[in-house]
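Peer 1: One structure is given below, represented as structure tokens, and several questions about it will come after.
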Amino acid sequence: MPLDSTQRFSNRVADYARYRPSYPAELLAFLHEMCAIPTHARVADVGAGTGISSKLLLDAGHPVIAIEPNAAMRQAAEQWLSGYPGYTSIAAPAEQTTLPDASVELVTAAQAFHWFDHNRAHREFARILCPGGLVAIFWNIRLLDSSDFMRGYETLMRTYGVDYSAVAERYSDDADMQDWFGAGLRHIGHFHYAQKLDFDSLRGRLLSTSYIPLAGDPNYEPMLQALKSLFDATAQKGCINFEYDTRIYVGSLG
Numbered sequence: 087m088p089l090d091s092t093q094r095f096s097n098r099v100a101d102y103a104r105y106r107p108s109y110p111a112e113l114l115a116f117l118h119e120m121c122a123i124p125t126h127a128r129v130a131d132v133g134a135g136t137g138i139s140s141k142l143l144l145d146a147g148h149p150v151i152a153i154e155p156n157a158a159m160r161q162a163a164e165q166w167l168s169g170y171p172g173y174t175s176i177a178a179p180a181e182q183t184t185l186p187d188a189s190v191e192l193v194t195a196a197q198a199f200h201w202f203d204h205n206r207a208h209r210e211f212a213r214i215l216c217p218g219g220l221v222a223i224f225w226n227i228r229l230l231d232s233s234d235f236m237r238g239y240e241t242l243m244r245t246y247g248v249d250y251s252a253v254a255e256r257y258s259d260d261a262d263m264q265d266w267f268g269a270g271l272r273h274i275g276h277f278h279y280a281q282k283l284d285f286d287s288l289r290g291r292l293l294s295t296s297y298i299p300l301a302g303d304p305n306y307e308p309m310l311q312a313l314k315s316l317f318d319a320t321a322q323k324g325c326i327n328f329e330y331d332t333r334i335y336v337g338s339l340g
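Structure below.
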């Protein structure tokens with residue numbers, strides 16, 4: 087039986103916190119300039135995980151309430167971000183944040199959005215938003231065909247991923263997000279983003295993925311051997327570019 091989505095990353099927290107990508111600077115410029123969101127806007131960062139998106143927002147000046155049901159991920163974020171005076175965290179799911187009505191000016195959901203019950207999350211986000219508040223949904227999607235490395239990595243995912251197809255198909259596209267926001271969708275942005283990774287960092291990035299086998303699984307060592315072969319064949323000056331399309335959708339909720 088597939089692991090509960092709120093617990094999928096509990097045994098991968100260290101790799102997730104260290105090796106998962108952040109988001110491009112253009113994303114913040116998009117929020118503040120294109121969408122006219124002030125940097126003092128209070129944010130509920132829902133499905134905040136280990137704090138990658140929360141840190142981005144805190145560094146830009148936002149006070150952030152991080153909403154995360156996974157205890158291990160939430161604790162990692164608290165250790166990382168507790169020095170920010172504007173940071174607080176709550177143990178809660180996206181569909182029942184426990185925040186008061188009309189208490190935040192911006193709701194964000196980053197890489198975790200595809201795990202939510204979208205209808206219930208829509209109602210909850212609308213409840214906690216102040217009048218005139220906005221929702222920003224964003225995530226990084228691997229570019230599957232942008233280089234020999236990225237094509238080889240996709241083959242590796244499909245060869246060794248335990249439930250890869252089911253998880254990969256959960257990501258929403260522009261049409262899905264238009265349906266989710268309805269008439270409230272105001273802005274769509276797409277940005278190129280890349281991590282430059284040596285082999286150790288690439289290995290950590292791979293092992294942060296919820297559907298990849300871990301040590302003790304019979305496919306673990308063959309998978310790492312395949313990763314090393316792919317790296318050796320495609321690396322330039324000891325690194326590869328791990329490329330993404332960063333997508334963001336911003337709007338109001340009726």
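So in the numbering used here, spot 195 of the sequence shown is number 281, and the numbers just go up one at a time.
Cβ coordinates follow ideal geometry from the N, Cα and C atoms, glycine included.
Every value quoted in this text rests on a predicted model; they were computed, and no experiment measured them.
Can you tell me whether DSSP reads S175 as helix, strand or coil?
Peer 2: Strand at S175.
Peer 1: Would you decide whether D90 is buried or exposed? Buried here means 16 or more other CB atoms lie within 10 Å of its CB.
Peer 2: Legend: pLDDT at D90 = 46, less than 50; position of this residue unreliable, no value from coordinates given.
Peer 1: If we ignore side chains and look at the alpha-carbon of each, how far apart do R209 and A198 end up?
Peer 2: Their backbone Cα atoms lie some 17 Å apart in a straight line.
Peer 1: So, does the segment 186-194 touch the segment 158-175, judging by three or more C-beta pairs under 8 Å?
Peer 2: Contact fails: fewer than three Cβ-Cβ distances are below 8 Å.
Peer 1: Alpha carbon to alpha carbon, how far is L271 from Y239?
Peer 2: The straight-line gap from Cα to Cα measures roughly 33 Å.
Peer 1: Using a Cβ distance threshold of 8 Å, determine whether the segment 286-297 contacts the segment 114-134, with at least three qualifying pairs required.
Peer 2: Verdict: no, contact absent.
Peer 1: Applying the criterion that 16 or more other CB atoms from any shown protein chain within 10 Å of the CB defines a buried residue, is E329 buried or exposed?
Peer 2: Result: buried.
Peer 1: Report the rounded CA-to-CA distance for N205 versus A321, giving the unit in angstroms.
Peer 2: Roughly 43 Å separates the two Cα atoms.
Peer 1: By the three-class DSSP mapping on this structure, what secondary structure does Q93 have?
Peer 2: For Q93, the pLDDT reaches just 45, beneath the cut-off of 50, and the residue's location in the model is therefore unreliable, although a value from the coordinates is still provided. Three-state result, Q93: coil.
Peer 1: Pairs of beta-carbons, one from the segment 121-129 and one from the segment 137-149, closer than 8 Å: are there three or more?
Peer 2: Because the criterion of three Cβ pairs below 8 Å is met, the segment 121-129 and the segment 137-149 touch.
Peer 1: Looking at S140 and Y173, is the spacing between their C-beta atoms short of 9 Å?
Peer 2: A contact, by the Cβ cut-off of 9 Å.
Peer 1: Please report the residue range of the beta strand (DSSP E) in which I123 lies.
Peer 2: First-last for I123: undefined, no H or E at that position.
Peer 1: For D331 versus F277, is the C-beta spacing smaller than 9 Å?
Peer 2: Contact flag set, yes.
Peer 1: In terms of DSSP beta bridges, what is H276 paired with?
Peer 2: Partner(s): R333.
Peer 1: Under 9 Å between the Cβ atoms of I153 and R128?
Peer 2: Cβ atoms of I153 and R128: not closer than 9 Å.
Peer 1: For W225 and A261, which I take to be in contact (beta-carbon distance under 8 Å), what is that distance rounded to the nearest angstrom?
Peer 2: Incorrect: roughly 16 Å between the Cβ atoms, too far for contact.
Peer 1: How would you label L283, buried or exposed, when you count the other beta carbons within 10 angstroms and need 16 or more for buried?
Peer 2: Buried, since its Cβ has 16 or more Cβ neighbours within 10 Å.
Peer 1: Leaving out five residues on either side along the sequence, give the residues of the same chain with a beta carbon under 8 Å from the beta carbon of V248.
Peer 2: Same-chain partners within the cutoff: Y297, I298, P299.
Peer 1: If you scan the segment 209-239 from start to end, which runs of the beta strand (DSSP E) of 3 or more residues do you find wholly inside it?
Peer 2: Entirely contained in the segment 209-239, the beta strand (DSSP E) runs reaching 3 residues are, in chain order, 215-228.
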